[in-house]
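Encoded as structure tokens, the structure appears first; notes follow it.
2 protein chains.
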Amino acid sequence: MGAAESVLAGDARALARLLTWVENDLPEGRLALDELFPHTGKAHLIGVTGAPGTGKSSLVNQIALQYRKTTVSPQKRVAIIAVDPSSPFTGGAVLGDRVRMRDLAGDPGVFIRSMATRGSLGGLAKATAAMAQVFDAAGFDIVLIETVGAGQAEVDIARLAHTTLVVEAPGLGDEIQAIKAGILEIADILIVNKADLPGVENTERALRGMLDLGHPVAKIFRGHGKTMSLTGSEPVGPAMWLPPILRTTATDGTGVEALVTAISQHGQHLHQSGEWGRREHARLEAELDLLVTEMLVSQFRAGLPEARFKEVLEQVVQRKLSPWEAVRVLMDLKVD
Amino acid sequence: MGAAESVLAGDARALARLLTWVENDLPEGRLALDELFPHTGKAHLIGVTGAPGTGKSSLVNQIALQYRKTTVSPQKRVAIIAVDPSSPFTGGAVLGDRVRMRDLAGDPGVFIRSMATRGSLGGLAKATAAMAQVFDAAGFDIVLIETVGAGQAEVDIARLAHTTLVVEAPGLGDEIQAIKAGILEIADILIVNKADLPGVENTERALRGMLDLGHPVAKIFRGHGKTMSLTGSEPVGPAMWLPPILRTTATDGTGVEALVTAISQHGQHLHQSGEWGRREHARLEAELDLLVTEMLVSQFRAGLPEARFKEVLEQVVQRKLSPWEAVRVLMDLKVD
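Chains X and S, in that order, give the protein sequences. FYI, the numbering for the first sequence is -10 to 325, going by the working numbering. FYI, the numbering for the second sequence is -10 to 325, going by the working numbering.
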């Protein structure tokens, strides 16, 4: 049986192996992805982002537990992809899987995978997208994509998701709040975690203020989300989504049931408003762009001897060519 | 007089205009960059990174003031590029130039420029590199490149610098410290700012522990920095650089003089060890890679009608083609 077939048949070891192939961008991983792709498009992809110190990982665990607790059958299967773009040199993920496993160990309906940064940022977004596709095809209903921080990397990864959760916590300071204005704009649901700590009202008030401030148009149309085309001809639909602000305490699970309900409501909103399809479209377009770029670069490198590249680079180092002049020289050198 | 000539002649308005062209990647900016490039290679590029809340911007101001205070003549001219990659949607830089200008206003030897994220991350790194070149050619001796946060974006931008400062502050919590293991590896000088706050000893101890922990080889050879080739044949030089940990209080300038001395010592170390040249080489190679990629993508787009791209994307959305299959189809469609 091929790798893709084994994964479709529910073989957990084949799944783990394929995820490794995909993370390392091996050819056998690409082949399996081609076979699995027609089976994708069913999972609800949920991005979870927020600064270190917000208790985000514990919250992700609790969300997974909540989905598994639900008595409705069939129970949802949950995958967690924990991405750590802030650790570009160390290789290993900081957030230990072992800590996670204590809560979720032994549940075959939960699969957890950590990934530290590999190579370029584009590489990370690509690997995350591919992993989400593998889980989707393997029949996981919920794919939680957890990222650390609030930079462009997190935003790129959040774009993969249907629903984006932004996690805050009391006491992180006004400056941190201010700096996060950008990340708030991608939030479908805002969460004040560690809601048992003092200052929770202040944090909630600050978030509400920021939601209402600065971008009235973005606010009004927030329900139509990040893929809405301001120049497109489609009418602005009737259904609107205003990001709720929810309180949770991940350490004891308070508020997590309400959060999972809100996620489900957002999923329904996406389907009813047609936004689900628009986000799928934008996501696949971004992925295609990334893969095309990668292919162009690898074709170019294959056609240009390394020694020639080094010669041209040396002329740049010696200031005989400017970088742009060097690019033009390299394009002419390229053997098609 | 052309834009490049005006900048070389010291025209501040021409400089400001060129920076705008460069930030917006206009063709006239590229032309001027080609002309200016032979005049680059003299400035000391200093990257400053660290989490929000560390008082990084105030510290950058103080460093600039310190350089201007120095009685040795000729006085150094200082440029500040404040990059904010955590604000991808809002457009404007969060850190107000007006606040900065209070300290540095009216000094023609200081030039400050803020830049929020524009387009892709690669775009940001490219624009920052180009701006640094403009300042370098315009005769600024010191170019401070300040970024917010500790993600891949900051690391990419730090790679532009000869000397990278990582700023911490007391009381940011153990989790934040742990998460920063990656960013520490790019630090040439570590700073505990807000050193008047309680907990400064703990922060310093935590940093020292992290420096010594985990990567003994990286630690031993840290002086040879991020461009050291572990497989290369060049001998490991005798001069070593162990990142010092310095305390500063940016609000009153305490410790800033010692910091500027350390920066200058690091610059000397880079020159004596040959590392300055290696970092220049790595930096220009990264820039060339980025520009080649951009050129390939724009050539590809020019050769492929938008409607054909959309058709192929539609087949991906309908799961008739996998993303990689779609890339192969697009490559065949491409009209050269």
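We put the beta carbon where it would ideally sit given N, CA and C, even for glycine.
query                                                                                                                                                                      : result
S/Gly18 by DSSP, collapsed to three states: which one?                                                                                                                     : helix
Determine, for X/Thr216, whether the minimum Cβ-Cβ distance to residues of chain S falls below 9 Å.                                                                        : Residue placement at X/Thr216 is poorly supported in this model, since its pLDDT is 34, which falls under 50; the coordinates still yield a value, given next. Cβ-Cβ to chain S under 9 Å: no for X/Thr216.
Within 10 angstroms of the Cβ of X/Thr59, are there 16 or more other Cβ atoms? Answer buried if so, exposed if not.                                                        : exposed
Alpha carbon to alpha carbon, what distance is there between X/Leu133 and X/Asp241?                                                                                        : 20 Å
Cβ closer than 7 Å: which chain S residues qualify as neighbours of X/Asp23?                                                                                               : Ser311, Trp313 and Glu314
With distances taken from CA atoms, which of X/Ala119, X/Ser46, X/Gly(-1) and X/Glu17 is nearest X/Arg66?                                                                  : X/Gly(-1)
Quick check on S/His33: does DSSP put it in helix, strand or coil?                                                                                                         : strand
Could you check which residue in S/Leu200, S/His260 and S/Asp321 has the C-alpha nearest to that of S/Arg297?                                                              : S/Asp321
Do you know how far the Cα of S/Ala118 is from the Cα of X/Val306?                                                                                                         : 14 Å
At which residue ranges does the stretch 221 to 295 of chain S contain complete beta strand (DSSP E) runs of 3 or more residues, listed in the order of the chain?         : 234 to 236
Using a threshold of 9 Å, state whether the C-beta atoms of X/Val286 and S/Thr282 are closer than that.                                                                    : yes
When you check each C-beta in the stretch 272 to 285 of chain X against every C-beta of chain S, which residues fall closer than 7 Å?                                      : Leu273, Glu274, Glu276, Leu277, Leu280, Val281, Thr282, Met284 and Leu285
Locate the alpha helix (DSSP H) running through S/Ile52, then write down its first and last residues.                                                                      : Lys45 to Lys58
Considering X/Leu186, what are the terminal residues of the alpha helix (DSSP H) in which it resides?                                                                      : Per DSSP, X/Leu186 belongs to no alpha helix (DSSP H) and is neither H nor E.
Hey, S/Leu149 and S/Ala121 are a contact pair by Cβ (cut 8 Å); roughly how many whole angstroms apart?                                                                     : 6 Å
Count the other CB atoms within 10 Å of the CB of X/Leu179; is the residue buried (16 or more) or exposed (fewer)?                                                         : buried
For S/Pro205, count neighbouring C-beta atoms within 10 Å of its own C-beta (all shown protein chains included) and say buried if the count is 16 or more, exposed if not. : Note that S/Pro205 scores a pLDDT of 46, beneath 50, so its modelled location is shaky and nothing firm can be said.
Looking at X/Val316 and X/Gln55, is the spacing between their C-beta atoms short of 9 Å?                                                                                   : no
Would you please verify whether the beta carbon of S/Phe289 is less than 9 Å from any beta carbon of chain X?                                                              : yes
Considering only the beta carbon of each residue, do X/Phe124 and X/Ala32 sit closer than 9 Å?                                                                             : yes
What did DSSP end up calling S/Ile101 once you bin it into helix, strand or coil?                                                                                          : strand
Any idea which residues DSSP pairs S/Val181 with across the strands?                                                                                                       : S/Glu157 and S/Arg236
Leaving out the 5 sequence neighbours to the left and right, which residues in its chain are closer than 6 Å to S/Arg236 when beta-carbon positions are compared?          : Val181, Ala184 and Gly244
Suppose contacts are defined by Cβ-Cβ distances below 9 Å. Is X/Glu135 in contact with X/Ile70 by that definition?                                                         : yes
With DSSP as the reference, identify every bridge partner of X/Ala176, one or two as the case may be.                                                                      : Answer by DSSP bridge pairing: none, since X/Ala176 is not bridged.
Kindly indicate which residue of S/Glu174, S/Gln64 and S/Thr192 has the alpha-carbon position closest to the one of S/Ile131.                                              : S/Gln64
Quick one: grab the DSSP three-state call for S/Gly39.                                                                                                                     : strand
Spell out whether any CB of chain S is found under 9 Å from the CB atom of X/Met120.                                                                                       : no
What does DSSP give as the partner residues of X/Leu133 in its beta bridges?                                                                                               : X/Ile35 and X/Ile69
Kindly list, in the order they appear in chain X, the residues whose Cβ is closer than 7 Å to that of S/Val306.                                                            : Glu269, His270 and Leu273
Using the DSSP secondary-structure output, state which residues sit across from X/Thr117 in a beta bridge.                                                                 : Note: X/Thr117 sits in no beta bridge, so no partner.
Using C-beta distances below 6 Å, list every residue in its chain close to X/Ala21, excluding the 5 sequence neighbours before and after it, in chain order.               : Ala(-8), Ala(-7) and Leu7
Comparing the C-beta of X/Gly266 with each C-beta of chain S, is any distance below 9 Å?                                                                                   : yes
Starting from S/Ser(-5), trace the alpha helix (DSSP H) in both directions and tell me its first and last residue.                                                         : Ala(-8) to Leu(-3)
Quick check on S/Ala238 - is its C-beta less than 9 Å from some C-beta in chain X?                                                                                         : Inspection of the sequence shows that residue 238 of chain S is occupied by Thr rather than by Ala. No, S/Thr238 lies away from the interface with chain X (no Cβ there is under 9 Å from its Cβ).
The alpha helix (DSSP H) that contains S/Leu8, what's its start and end?                                                                                                   : Ala1 to Glu12
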